[in-house]
Amino acid sequence: MARHAQKKKRRTRKGRVFVTILLALLILVGVVAVIGYFQYQSSLKEAQSNSKMKDYKFNGVKADGDAINVLLIGSDSRGADQGRSDSLMIAHYDKKTNTPKLVSIMRDTYVDIPGHGKNKINAAYSYGGPELVRQTIKENFGVDVEYYVVANFEGFPKIVDTLAPEGIKINAEKDMSKNIDVSIKKGEQVMDGKTLLQYARFRKDAEGDFGRIRRQQQVLEALKEQALDVGDVTKIPDVIGKLQGYTSTNLPTSTLMSVGSDFLLGKTETMEKFAIPVEGKWHNERIEGAGAVLRLDDMAANAKALQDFLK
Numbered sequence: 122m123a124r125h126a127q128k129k130k131r132r133t134r135k136g137r138v139f140v141t142i143l144l145a146l147l148i149l150v151g152v153v154a155v156i157g158y159f160q161y162q163s164s165l166k167e168a169q170s171n172s173k174m175k176d177y178k179f180n181g182v183k184a185d186g187d188a189i190n191v192l193l194i195g196s197d198s199r200g201a202d203q204g205r206s207d208s209l210m211i212a213h214y215d216k217k218t219n220t221p222k223l224v225s226i227m228r229d230t231y232v233d234i235p236g237h238g239k240n241k242i243n244a245a246y247s248y249g250g251p252e253l254v255r256q257t258i259k260e261n262f263g264v265d266v267e268y269y270v271v272a273n274f275e276g277f278p279k280i281v282d283t284l285a286p287e288g289i290k291i292n293a294e295k296d297m298s299k300n301i302d303v304s305i306k307k308g309e310q311v312m313d314g315k316t317l318l319q320y321a322r323f324r325k326d327a328e329g330d331f332g333r334i335r336r337q338q339q340v341l342e343a344l345k346e347q348a349l350d351v352g353d354v355t356k357i358p359d360v361i362g363k364l365q366g367y368t369s370t371n372l373p374t375s376t377l378m379s380v381g382s383d384f385l386l387g388k389t390e391t392m393e394k395f396a397i398p399v400e401g402k403w404h405n406e407r408i409e410g411a412g413a414v415l416r417l418d419d420m421a422a423n424a425k426a427l428q429d430f431l432k
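So the sequence shown is residues 122 to 432, counted in our numbering.
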């Protein structure tokens with residue numbers, strides 16, 4: 122009887138220890154969550170106070186299955202003038218396979234813009250913001266997107282410096298200085314946000330926009346591989362807050378946290394890249410009212426290639 126009482130007493134003591142440990146863990150998780158929330162709010166407010174981005178109405182459509190499609194727009198806006206889009210991309214991420222894909226659409230691609238006739242695709246943003254860009258891509262290429270992100274030239278360097286405070290290592294393809302604000306020498310180097318933006322924008326050479334979209338994809342891939350080389354998830358709320366504050370986006374915070382964690386913690390696969398127009402399916406042309414454009418020889422072939430890439 123005494124032995125039975127001793128066993129019962131030991132079980133009770135072990136049970137209390139287990140409950141104490143569990144409560145301590147729950148309290149710790151709660152404290153981390155609270156700290157994370159305040160970090161996020163603080164960073165969001167700080168970024169918003171220094172940003173002039175506005176929100177847009179956007180009627181995005183959810184992708185099939187576990188994938189998300191995000192329209193990425195680099196804005197050439199100056200003050201009240203919204204301007205044309207300086208860069209246009211679709212970021213695709215399959216949450217089940219952790220596979221990221223990146224599509225660049227060249228700014229001079231000649232397309233039908235709903236309600237505005239034919240023009241370069243970069244005019245769609247000037248006419249109607251991200252929503253009209255979404256409609257234009259849908260009408261011409263049969264691809265829809267659920268979310269959008271707009272970043273301007275003022276916000277992009279701040280985003281980069283937030284993601285990678287020590288800079289990003291880039292192997293610059295060539296010397297460049299014409300029509301950009303910095304002088305860049307060929308070769309491997311570490312770039313801060315301002316220099317990285319100028320490297321991605323440069324197009325005053327024989328390749329023009331073709332070289333520029335390759336460098337833009339190089340920059341985003343480098344950000345994916347190097348940004349916040351964290352083993353520290355506590356930095357993520359701070360980063361997400363600043364990202365949202367320096368951009369205009371309809372991406373839910375929960376989605377940013379989930380997908381952002383995959384990227385920042387190295388859970389994603391190698392980024393796959395694609396560009397429109399498809400090689401061999403376009404030609405240069407000068408059109409009155411639009412200037413020099415990239416005319417697609419076979420719109421259906423370009424559309425199918427894009428759809429197949431995003432499957």
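Note that the Cβ used here is the ideal one computed from N, Cα and C, for glycine as well.
None of these values were measured; they are calculated from a predicted model.
By how many angstroms is the C-alpha of residue j removed from the C-alpha of residue i?
i	j	result
residue 391	residue 221	7 Å
residue 426	residue 225	13 Å
residue 217	residue 178	29 Å
residue 298	residue 175	32 Å
residue 168	residue 363	5 Å
residue 416	residue 194	21 Å
residue 418	residue 204	28 Å
residue 402	residue 165	43 Å
residue 153	residue 258	Because the pLDDT of residue 153 is 42, which lies under 50, any placement of that residue in the model is unreliable, and the number read from its coordinates should be weighed accordingly. Between residue 153 and residue 258, the C-alpha separation is close to 42 Å.
residue 381	residue 328	33 Å
residue 376	residue 421	33 Å
residue 326	residue 294	12 Å
residue 243	residue 303	25 Å
residue 239	residue 412	12 Å
residue 170	residue 284	19 Å
residue 219	residue 356	21 Å
residue 237	residue 423	22 Å
residue 398	residue 409	21 Å
residue 360	residue 379	13 Å
residue 317	residue 430	27 Å
Which residues mark the beginning and the end of the alpha helix (DSSP H) in which residue i is found?
i	result
residue 333	330-347
residue 392	It is not in any alpha helix (DSSP H) - residue 392 carries neither H nor E in the DSSP assignment.
residue 472	The structure shown does not extend to residue 472, since the chain spans only 122 to 432, so no value can be given for it.
residue 429	420-430
My assumption, with CB atoms under 8 Å, is that residue i sits in contact with residue j. Please give the rounded CB distance.
i	j	result
residue 314	residue 279	6 Å
residue 348	residue 291	Wrong, their Cβ atoms sit about 13 Å apart, outside the cutoff.
residue 263	residue 368	About 27 Å; that fails the 8 Å criterion.
residue 223	residue 338	6 Å
residue 241	residue 231	6 Å
residue 271	residue 286	Going by Cβ atoms, the distance from residue 271 to residue 286 rounds to 24 Å, so no, they are not a contact pair.
residue 305	residue 296	7 Å
residue 396	residue 334	6 Å
residue 330	residue 229	6 Å
residue 192	residue 254	6 Å
residue 185	residue 196	Not a contact, Cβ separation roughly 29 Å.
residue 268	residue 370	7 Å
Just to confirm the assignment, what range does the beta strand (DSSP E) spanning residue i have?
i	result
residue 310	308-312
residue 399	Run containing residue 399: none; DSSP gives neither H nor E here.
residue 212	206-215
residue 223	220-226
residue 240	238-241
residue 233	231-234
residue 193	188-196
residue 415	412-417
Go ahead and label residue i buried or exposed: buried means 16 or more other beta carbons lie within 10 angstroms of its beta carbon, across all protein chains shown.
i	result
residue 146	Caution is warranted here: a pLDDT of 48 is assigned to residue 146, below 50, making its placement in the model unreliable, and the coordinate value is therefore given only provisionally. Exposed, by the Cβ-count rule.
residue 365	buried
residue 358	buried
residue 404	exposed
residue 182	exposed
residue 260	exposed
residue 190	buried
residue 400	exposed
residue 187	exposed
residue 432	exposed
residue 319	buried
residue 82	Residue coverage of the chain in this structure runs from 122 to 432, which leaves residue 82 outside it and unanswerable.
residue 172	buried
residue 373	exposed
residue 180	exposed
residue 407	exposed
Does any CB atom of chain C fall closer than 8 Å to the CB of residue i?
i	result
residue 289	The question asks about chain C, but that chain is absent: this structure has only one protein chain.
- Which whole runs of the beta strand (DSSP E) in the stretch 253-327 are 3 residues long or more, in chain order? 268-273, 289-293, 308-312
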